[in-house]
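Colleague: Chains as they are written, first to last, in the numbering used here: chain A, 112 to 225; chain B, 115 to 225. I am attaching a structure below and will ask some questions about it afterwards.
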């Protein structure tokens with residue numbers, strides 16, 4: 112998985128609790144992304160980062176925040192988890208630059224919010 | 115609103131058949147169209163990609179056909195094998211950073 116790890120790989124939590132997912136890369140790529148994957152919706156971008164402390168929203172950013180204090184780590188936080196945030200979350204990385212920007216995906220984190 | 119529409123949702127073919135997966139888009143500013151392959155329990159992996167100034171691209175048994183005027187593109191898998199059984203996603207991007215994915219096609223190749 113191109114030097115990308117995600118932790119935890121599985122998590123079950125309760126509605127209203129905060130949750131943080133971690134993505135770690137060893138490729139020194141500039142861009143990092145968080146996606147969620149749901150049946151019938153494919154992959155949808157939540158947030159992405161184009162450098163340390165530089166982040167931007169994707170198409171489904173409500174209820175999520177991110178932080179990137181080091182090149183290799185990109186954190187996704189659900190401030191108060193809801194059942195609608197039950198999903199599989201994928202981190203991706205890329206070197207950046209348009210337009211031929213291959214993304215490499217991590218193994219995913221399965222999150223269940225009860 | 116789905117930026118990239120993908121069909122069919124699922125597809126079953128016999129070994130050696132040629133499954134075809136179709137995608138359509140509206141935004142003419144999209145300038146890069148990749149296809150990803152995903153096996154159960156794994157993250158998606160880039161399979162093949164095309165730019166809008168090319169009508170066809172082949173890599174091994176995988177071919178993308180691109181119709182700019184119709185705003186459609188499709189993936190063909192020649193001589194399909196059971197190992198090709200996976201979920202396939204098309205995608206499109208303008209900036210090279212924000213990608214919009216289709217809803218996925220689950221392909222099963224029967225031996």
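Glycine included, each C-beta is placed from N, C-alpha and C at the ideal position. All values reported here derive from a predicted model rather than from experimental measurement.
Closer than 7 Å, CB to CB, is residue 132 of chain A near chain B or not?
Modeller: No, residue 132 of chain A lies away from the interface with chain B (no Cβ there is under 7 Å from its Cβ).
Colleague: How would you label residue 118 of chain A, buried or exposed, when you count the other beta carbons within 10 angstroms and need 16 or more for buried?
Modeller: Exposed.
Colleague: Between residue 213 of chain A and chain B, is the shortest Cβ-Cβ distance under 7 Å, so that the two count as touching?
Modeller: So yes, residue 213 of chain A belongs to the interface.
Colleague: Could you work out which residue in A:123, A:115, A:116 and A:114 is closest to residue 197 of chain A when comparing CA atoms only?
Modeller: For the residues A:123, A:115, A:116 and A:114, the minimum Cα distance to residue 197 of chain A belongs to A:123.
Colleague: Would you mind sorting residue 110 of chain B into buried or exposed? The rule is 16 or more other CB atoms within 10 Å of its CB.
Modeller: Beyond the ends of chain B as shown, which are 115 and 225, falls residue 110 of chain B; an answer cannot be given.
Colleague: Examine chain A for any beta-carbon lying closer than 7 Å to the beta-carbon of residue 158 of chain B, and answer yes or no.
Modeller: Answer yes: the Cβ-Cβ gap between residue 158 of chain B and chain A drops below 7 Å somewhere.
Colleague: Applying a beta-carbon distance threshold of less than 9 Å, which residues of chain B neighbour residue 121 of chain A?
Modeller: What residue 121 of chain A touches in chain B: nothing, since even the nearest Cβ is about 11 Å away.
Colleague: Following the continuous beta strand (DSSP E) through residue 143 of chain A, name the residue where it begins and the one where it ends.
Modeller: That run of the beta strand (DSSP E) goes 142-149.
Colleague: Check whether the segment 162-173 of chain A and the segment 119-135 of chain B touch, using three or more Cβ-Cβ pairs below 8 Å as the test.
Modeller: Too few Cβ pairs lie closer than 8 Å, so no.
Colleague: Would you tell me roughly how many angstroms separate the C-alpha atoms of residue 134 of chain B and residue 215 of chain A, rounded to the nearest one?
Modeller: Approximately 24 Å between the Cα atoms of the pair.
Colleague: Is the beta carbon of residue 186 of chain B closer than 7 Å to that of residue 138 of chain B?
Modeller: Contact: yes.
Colleague: The beta strand (DSSP E) that contains residue 186 of chain B, what's its start and end?
Modeller: Per DSSP, residue 186 of chain B belongs to the beta strand (DSSP E) from 186-191.
Colleague: For residue 143 of chain A, count the other beta carbons within 10 Å of its own beta carbon; 16 or more makes it buried, fewer makes it exposed. Which is it?
Modeller: Counting Cβ neighbours within 10 Å, residue 143 of chain A comes out buried, since at least 16 surround it.
Colleague: Can you list the beta strand (DSSP E) stretches of 3 or more residues lying completely in the segment 149-179 of chain A, in chain order?
Modeller: DSSP runs (the beta strand (DSSP E)) wholly in the segment 149-179 of chain A: 153-162 and 165-168.
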